[in-house]
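See below for the structure under consideration.
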Amino acid sequence: MTEEAAEQATEQSEAKEPDSMEIHYNVTGPRRKELAAAVRNFIGMALVYMKAPTYGFAVGNYIIDRNGTLIGKENKELIGALTAQNFTLT
């Protein structure tokens with residue numbers, strides 16, 4: 011495989027990978043815990059509280075930070091499910 015062909019294959023492979031997302035729900039306290047639980051219920055993985063210094067929640071490859079921002083791979087179905095549960099983007 012030539013160098014140019016290898017580079018093209020790499021670009022195509024990267025293009026197929028889902029984009030990452032950072033969605034600001036700006037929820038804190040009990041509502042942030044509800045957001046984390048909703049993500050857990052949708053993807054079916056364990057919810058882990060990360061304690062200090064981040065005070066975030068981890069669910070699979072997703073993070074809900076202390077300000078209620080959801081970070082992870084783009085998933086339109088997840089966003090739709092959260093919207094259906096009255097989590098609105100800010």
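So the mapping is simple: our numbering equals the position in the sequence shown, first residue as 1, plus 10. Glycine residues also receive a C-beta, built at the ideal position from the N, C-alpha and C atoms. Treat the numbers as computed from the prediction; the structure is a model and nothing was measured.
{"Query": "N-terminal and C-terminal residue of the beta strand (DSSP E) that Lys61 is part of", "Result": "Run containing Lys61: none; DSSP gives neither H nor E here."}
{"Query": "In chain order, each alpha helix (DSSP H) run of at least 4 residues that lies wholly inside the stretch 28-88", "Result": "39-53"}
{"Query": "Top-ranked residue by Cα proximity to Gly78, from Asn85, Pro40, Ala62", "Result": "Pro40"}
{"Query": "Whole-Å CB distance - Ala94 paired with Val69, under 8 Å assumed", "Result": "18 Å between Cβ atoms; not a contact."}
{"Query": "Beta-carbon contacts of Lys61 that lie in its chain and below 6 Å, excluding the five residues immediately before and after", "Result": "none"}
{"Query": "Of the listed residues Gly82, Thr38, Tyr35, Asp75, nearest to Pro63 (C-alpha basis)", "Result": "Asp75"}
{"Query": "Supposed contact pair Tyr35 and Leu80 - C-beta distance, whole angstroms, cut 8 Å", "Result": "6 Å"}
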